[in-house]
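Participant: Have a look at this one.
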Amino acid sequence: MLNSVVGQHSPLADLSVHGQYPPVDRTIDSPFSRQAERKLIIGGEIVNGTKSYIAGLRYESDGYNFCAGILISPTHLLSASHCVTGPVRWASIGSHYYNGTQDGEQIRVLSVTNHPDYVNDNVHITHDFMVLELERPSRFKPVKLAAIDGSNDKAGVWATSLGWGYTQENGTMSYELKHVKQQVLTNEECMKKMKIDDSVICAGGVTNESTCEGDSGGPLVVESPDGEDVLIGVVSWGNICGKAGEPGAFSRVSSARKWIESITSRSCFK
Numbered sequence: 001m002l003n004s005v006v007g008q009h010s011p012l013a014d015l016s017v018h019g020q021y022p023p024v025d026r027t028i029d030s031p032f033s034r035q036a037e038r039k040l041i042i043g044g045e046i047v048n049g050t051k052s053y054i055a056g057l058r059y060e061s062d063g064y065n066f067c068a069g070i071l072i073s074p075t076h077l078l079s080a081s082h083c084v085t086g087p088v089r090w091a092s093i094g095s096h097y098y099n100g101t102q103d104g105e106q107i108r109v110l111s112v113t114n115h116p117d118y119v120n121d122n123v124h125i126t127h128d129f130m131v132l133e134l135e136r137p138s139r140f141k142p143v144k145l146a147a148i149d150g151s152n153d154k155a156g157v158w159a160t161s162l163g164w165g166y167t168q169e170n171g172t173m174s175y176e177l178k179h180v181k182q183q184v185l186t187n188e189e190c191m192k193k194m195k196i197d198d199s200v201i202c203a204g205g206v207t208n209e210s211t212c213e214g215d216s217g218g219p220l221v222v223e224s225p226d227g228e229d230v231l232i233g234v235v236s237w238g239n240i241c242g243k244a245g246e247p248g249a250f251s252r253v254s255s256a257r258k259w260i261e262s263i264t265s266r267s268c269f270k
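In this text, residue positions in the sequence shown follow full-length UniProt numbering: the first is 1, and each later residue adds one.
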């Protein structure tokens with residue numbers, strides 16, 4: 001993430017790269033390096049254990065996250081359809097780290113369901129939603145979904161993105177979970193920069209404060225003092241990471257809530 005660019009992907013990108021593992025920078029030790037990093041990553045790290053509804057999607061239980069997901073029921077994750085071009089085998093839920101099994105819980109993924117109206121035509125992405133069913137219930141608390149009436153995602157609201165994505169354009173992944181605050185824009189304002197429809201919500205557009213490569217599928221939440229965060233968006237795509245006037249595109253949760261609940265209600269664990 002810039003200020004934290006969270007792992008988003010451009011719709012023009014080759015989606016086959018989503019399963020590759022970008023390098024992780026864990027060598028920032030000198031005061032000079034830390035100062036340089038602070039200039040870029042304004043949002044900084046999340047306190048370990050405070051956003052345990054976030055998950056990493058993996059091919060192996062102890063492997064690297066190739067995309068993020070969000071726990072929306074004890075047995076379901078929400079993510080971005082464009083993330084997956086092959087089988088998703090594992091989810092690491094509640095972990096603070098980009099890889100490994102030192103915290104959180106690793107649960108097998110049973111099935112993946114894409115939104116029926118999902119489109120990725122290399123010009124724009126719409127209805128970029130995917131629901132994953134888990135083999136067993138997670139012990140962590142799911143995030144609250146945005147209201148269908150759109151009352152949680154109005155323009156001007158400040159929201160927080162989370163992820164392990166690139167900390168600069170064409171950079172390295174973050175080993176620890178990071179966050180960035182971004183302001184929600186009107187779709188009219190966003191359409192001046194990108195082709196979107198009502199299934200998309202835009203936020204950000206401030207220098208060095210955005211989601212980025214590697215953050216796809218992660219959450220855009222409105223935080224609450226009582227810890228009851230509300231999920232309003234799923235990281236989808238953007239043109240350029242961390243550039244002024246270039247907002248990020250998120251899948252608007254309120255637009256898909258009925259479909260999401262139609263999938264999660266089928267679970268044998270409900």
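Glycine included, each C-beta is placed from N, C-alpha and C at the ideal position.
Would you grab the beta carbon distance between Leu77 and Leu134 for me? Rounded to a whole angstrom, and I think it's under 8 Å.
Facilitator: Translated into the one-based positions of the sequence shown, residue 77 becomes position 77. Translated into the one-based positions of the sequence shown, residue 134 becomes position 134. Leu77 to Leu134, Cβ: 7 Å. Contact.
Participant: So what does Lys178 bridge to, in DSSP terms?
Facilitator: Numbered from its first residue, the sequence shown carries residue 178 at position 178. According to DSSP, which records beta bridges pairwise, Lys178 is partnered with Glu45, Gly163.
Participant: Just the Cα atoms here: how many angstroms apart are Ile260 and Pro87?
Facilitator: On the sequence shown, residue 260 is found 260 positions in, with the first residue counted as 1. On the sequence shown, residue 87 is found 87 positions in, with the first residue counted as 1. Rounded to the nearest angstrom, the two C-alpha atoms are 20 Å apart.
Participant: Hey, Ala55 and Ala91 are a contact pair by Cβ (cut 8 Å); roughly how many whole angstroms apart?
Facilitator: Numbered from its first residue, the sequence shown carries residue 55 at position 55. Numbered from its first residue, the sequence shown carries residue 91 at position 91. So it is a contact: roughly 5 Å between Cβ atoms.
Participant: Assuming Asn67 is part of the beta strand (DSSP E), what are its boundary residues?
Facilitator: Here residue 67 refers to the residue found at position 67 when the sequence shown is read from its first residue. As written in the sequence, residue 67 is Cys, which differs from the Asn given in the question. Run containing Cys67: 67 to 73, per the beta strand (DSSP E) assignment.
Participant: When you compare only the Cα positions, how much space is there between Lys51 and Gly94?
Facilitator: The residue you call residue 51 lines up with position 51 of the sequence shown. The residue you call residue 94 lines up with position 94 of the sequence shown. Computed Cα separation, rounded: 7 Å.
Participant: Roughly how many angstroms separate the alpha carbons of Val119 and Val234, rounded to a whole number?
Facilitator: As a position in the sequence shown, residue 119 is number 119, starting the count at 1. As a position in the sequence shown, residue 234 is number 234, starting the count at 1. Between Val119 and Val234, the C-alpha separation is close to 15 Å.
Participant: Assuming Ser254 and Gly218 make a contact with CB atoms under 8 Å, what is their CB distance in whole Å?
Facilitator: By one-based count along the sequence shown, residue 254 stands at place 254. By one-based count along the sequence shown, residue 218 stands at place 218. About 18 Å; that fails the 8 Å criterion.
Participant: Count the other CB atoms, across all protein chains shown, that sit within 10 Å of the CB of Leu57; report buried if there are 16 or more and exposed otherwise.
Facilitator: The residue given as residue 57 occupies position 57 in the sequence shown. Classification for Leu57: buried.
Participant: What residue does the beta strand (DSSP E) around Val143 start on, and which one ends it?
Facilitator: Indexing the sequence shown from 1 puts residue 143 at position 143. Where Val143 is concerned, there is no enclosing beta strand (DSSP E), given that its DSSP letter is neither H nor E.
Participant: Out of curiosity, what's the CA-to-CA distance linking Cys212 and Gly238?
Facilitator: As a first step, residue 212 is located in the sequence shown; it is residue number 212 there, counting from the start. As a first step, residue 238 is located in the sequence shown; it is residue number 238 there, counting from the start. Rounded to whole angstroms, Cys212 to Gly238 spans 8 Å at the Cα level.
Participant: Candidates Ser174, Pro142, Phe250: which alpha carbon is nearest residue 276's?
Facilitator: No statement about residue 276 is possible, as the shown extent of the chain runs from 1 to 270 and does not include it.
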